[in-house]
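Chains as they are written, first to last, in full-length UniProt numbering: chain H, 1 to 205; chain Y, 1 to 205. Glycine included, every Cβ here is placed at the ideal spot set by N, Cα and C. Data block below; observations after.
Number of protein chains: 2
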Amino acid sequence: MPKRVDHAQRRTEIAEALVRVAGQRGLHAVGMRDVAAEAGVSLRLVQYYFETKEKLLLFGLEHLTGKFGERLAARIRAAGDAPGPRAMVEALLMTALPADEESRVFHHLYTSYAVLAVTDRTLAAQPFVKDPDAAEDALTDILRQAQAANLLRPGVDARLTAAGLLAMSAGLGTGILVGQRSPESATAVLDDHLDRVFRPADAAG
Amino acid sequence: MPKRVDHAQRRTEIAEALVRVAGQRGLHAVGMRDVAAEAGVSLRLVQYYFETKEKLLLFGLEHLTGKFGERLAARIRAAGDAPGPRAMVEALLMTALPADEESRVFHHLYTSYAVLAVTDRTLAAQPFVKDPDAAEDALTDILRQAQAANLLRPGVDARLTAAGLLAMSAGLGTGILVGQRSPESATAVLDDHLDRVFRPADAAG
DNA sequence: CCTTTCATGGTACAGCCGTATCAACATCGT
DNA sequence: ACGATGTTGATACGGCTGTACCATGAAAGG
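The structure is reproduced here in structure tokens:
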């Protein structure tokens, strides 16, 4: 057998080039040639590893969500040391906000993909439903635990609240993305909302 | 002077053709020829009324937001007869959800434009900031009035709550758009949230 | 060594895009 | 009626797109 190359890594490199150039010029403006140039390879090579553009875009989305999932998990793990569940919820929601550049690119491209998924059934089959549902389940669990520890205000529905928090976080993220609001103000909005979900600190226990 | 035609109306007709075809195939897939065919006119005519595609897209966005604003105002006016401010808030937020086809198209295209605005500075100067800010102001006013009438729970910050509600509504709208959740579940989430903003009905007054 | 197979590069091709050009038609002031 | 002018139509052009084709280099097995 001839020169063996790690296909998975090559594909990852190309996918990251796609994410980079798409983050700068927008997903709609990205062509195969742009990706090849950004990755420092020939157009033919991009075709070799991803036979078609559609497959490249699909893999790019997987790569994007994968990296975001890792990032999220790391943040939650880091917040696991913190005392209360509120810190964990805050860590989860803040990570979802496009505060730094990497997160901005994620939001930008994920929204781009979501828009395409409205009219493209191949994309519609992608994790636009599964991943958020998983996040909602996880957040619901955290809230239920907090509820069991009597940390929440009375009458709070864990699942509805989880869904609302994630939706709010997504909406705030879009607001940040288009320059409507700052990450700080988005954080303030989320915190204010959490104040009405969690009991006041001095009234806990 | 020759055959007099209402330019504004012609432009509106063409813009509606744009919205129609973009709603079906996605904004990225819309070309001048598609718009012309959908409007039942020649390509040259589209060029005549909108010299360039960029201007057509810009006018299409204005038309879209304009019609949505009218729709929103009509709903609020209709809810003005209802007793409390909560009904008004609900009407406002429910209208913002993509429940029917027209609203779905609005959300789909507005999000498409927002994504483009991230990388296009001409679009970035469009009402992606002004209109939502106006909505936030209006909702803040309503909440303040409700607060003055002692209809809200204690400790509610009107502005932060308004921003949160709009962000949540936007996020839920995206969820509906991509098929993640139904309009009914989105309504349930919003209602649950409003339950924690407004006082319980039997405790009011 | 030499062949087979993987890996890479250069280039050509059809198709679509937005835009520009050229031509015809209809209408209103004179 | 006539010509100026607003309005419409058909077509051509350059550029870019994704994809396909052909050729070459490089490494492992016989």
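*Determine the direct distance from the alpha carbon of Ala8 of chain Y to that of Leu64 of chain H, and round the result to whole angstroms.*
If you take the alpha carbons of Leu64 of chain H and Ala8 of chain Y, they lie about 44 Å apart.
_Backbone CA spacing between Leu151 of chain H and Gln147 of chain Y [nearest angstrom]_ = Going by C-alpha positions, Leu151 of chain H is about 26 Å away from Gln147 of chain Y.
*CA nearest to the CA of Leu58 of chain Y, picked from Y:Thr187, Y:Pro127, Y:Leu172 and Y:Ala158*: Minimum Cα distance to Leu58 of chain Y is reached at Y:Pro127.
*Starting from Thr140 of chain Y, follow the alpha helix (DSSP H) in both directions and report where the run begins and ends.*
Note, Thr140 of chain Y: alpha helix (DSSP H), Lys130 to Ala148.
*Return the CA-CA distance between residue 212 of chain Y and Ser103 of chain Y, expressed in angstroms with no decimal places.*
No information on residue 212 of chain Y is available, as it lies outside the stretch 1 to 205 that chain Y covers here.
*Between Arg71 of chain H and Arg144 of chain Y, what straight-line distance do the alpha-carbon atoms span, to the nearest angstrom?*
Looking at the two C-alpha atoms, the distance is approximately 39 Å.
*asked:* the ligand NAD and Gly60 of chain H: does any heavy atom of the ligand fall closer than 8 Å to the residue's C-beta?
replied: With respect to the ligand NAD, the structure offers nothing, as it holds no ligand at all.
*What is the DSSP secondary structure of Phe198 of chain Y, reduced to helix, strand or coil?*
Strand.
*On the three-state DSSP scale, how would you describe Leu97 of chain Y?*
If DSSP states are grouped into helix, strand and coil, Leu97 of chain Y belongs with coil.
*chain Y partners of Thr111 of chain H, CB-CB under 7 Å?*
Here the neighbours are Thr111 and Val115.
_Start-to-end residues for the alpha helix (DSSP H) that takes in His7 of chain H_ = Bounds of the alpha helix (DSSP H) holding His7 of chain H are His7 to Arg25.
*Quick one: give me the first and last residue of the alpha helix (DSSP H) that Arg75 of chain H is part of.*
In this chain, the alpha helix (DSSP H) harbouring Arg75 of chain H covers Lys53 to Ala79.
*Report yes if the C-beta distance between Asp195 of chain Y and Gly171 of chain H is below 9 Å; otherwise report no.*
Taking 9 Å as the Cβ cut-off, Asp195 of chain Y and Gly171 of chain H do not qualify as a contacting pair.
_Strictly under 9 Å for the Cβ-Cβ distance: is Ala204 of chain Y near chain H by that measure?_
Only weak support exists for where Ala204 of chain Y lies, its pLDDT of 45 falling under 50; the coordinates are left without a value.
*What residues in its chain sit with their C-beta under 7 Å from that of Gly23 of chain Y, if we drop five residues either side in the sequence?*
Around Gly23 of chain Y, the same chain offers Val105, His108 and Leu109 as residues with beta carbons nearer than 7 Å, after the five sequence neighbours per side are excluded.
*Between Leu45 of chain H and Ala36 of chain H, what straight-line distance do the alpha-carbon atoms span, to the nearest angstrom?*
Looking at the backbone, the Cα of Leu45 of chain H and that of Ala36 of chain H are separated by about 8 Å.
*In whole angstroms, what is the alpha-carbon distance linking residue 288 of chain H and Arg4 of chain H?*
Chain H is shown from 1 up to 205; residue 288 of chain H falls before or after that span and cannot be answered.
_Closest residue to Val30 of chain Y among Y:Arg11, Y:Gly60 and Y:Gly84 (Cα-Cα distance)_ = Out of Y:Arg11, Y:Gly60 and Y:Gly84, Y:Gly60 has the C-alpha closest to the C-alpha of Val30 of chain Y.
*Are the segment 86–95 of chain Y and the segment 38–56 of chain Y touching by the rule of at least three beta carbon pairs closer than 8 Å?*
The segment 86–95 of chain Y, when compared against the segment 38–56 of chain Y, does not touch it at the 8 Å Cβ threshold.
*Classify Leu151 of chain H as helix, strand or coil using the three-state DSSP reduction.*
In the structure shown, Leu151 of chain H sits in coil (DSSP, three-state: anything other than H, G, I, E or B).
*asked:* Taking a contact to mean a Cβ-Cβ separation below 9 Å, would you say Arg159 of chain Y touches Glu136 of chain Y in this structure?
replied: In contact: Arg159 of chain Y and Glu136 of chain Y (Cβ atoms closer than 9 Å).
*Compare the C-beta of residue 216 of chain H with all C-beta atoms of chain Y and state if any pair is closer than 9 Å.*
Absent from the structure is residue 216 of chain H, since the part of chain H shown begins at 1 and ends at 205.
*Among Y:Gly26, Y:Asp6, Y:Glu38 and Y:His28, which has the Cα closest to the Cα of Leu14 of chain Y?*
Checking the displayed sequence, the identity of residue 14 of chain Y turns out to be Ile instead of Leu. Ranked by Cα distance from Ile14 of chain Y, the first of Y:Gly26, Y:Asp6, Y:Glu38 and Y:His28 is Y:Glu38.
*If you drop the 5 nearest sequence neighbours on each side, which residues of the same chain put their C-beta closer than 8 Å to that of Ser112 of chain H?*
Only Ala22, Gly26, Leu27 and His28 meet the Cβ criterion.
*Given a limit of 9 Å on CB to CB distance, which residues of the segment 26–52 of chain Y reach chain H?*
Cβ contacts with chain H come from Gly26, Leu27, His28 and Ala29.
_Backbone CA spacing between residue 206 of chain Y and Leu177 of chain Y [nearest angstrom]_ = Past the boundaries of the shown model lies residue 206 of chain Y; chain Y is included only from 1 to 205, so the question cannot be answered.
*For Ala204 of chain H, does the count of other Cβ atoms within 10 angstroms reach 16, so buried, or fall short, so exposed?*
With a pLDDT of only 45 at Ala204 of chain H, under 50, the local geometry of the prediction cannot be trusted, and no value is derived from it.
*With 16 other CB atoms within 10 Å as the buried threshold, where does Gly175 of chain Y fall?*
With 16 or more other Cβ atoms from the protein chains shown falling within 10 Å of its own Cβ, Gly175 of chain Y counts as buried.
*In angstroms, rounded to a whole number, what distance separates the CA positions of Asp191 of chain Y and Arg20 of chain H?*
Their backbone Cα atoms lie some 40 Å apart in a straight line.
*asked:* List, in chain order, every chain Y residue whose beta-carbon is nearer than 7 Å to that of Leu172 of chain H.
replied: Neighbours of Leu172 of chain H in chain Y, taken as residues whose beta carbon is under 7 Å from its own, are Ala167 in chain order.
*Measure the C-alpha to C-alpha separation of Val189 of chain H and Thr95 of chain Y and round it to an integer number of angstroms.*
One C-alpha to the other measures close to 22 Å.
*Where does Ala91 of chain Y fall in DSSP's three states?*
When DSSP states are grouped into helix, strand and coil, Ala91 of chain Y belongs to the helix group.
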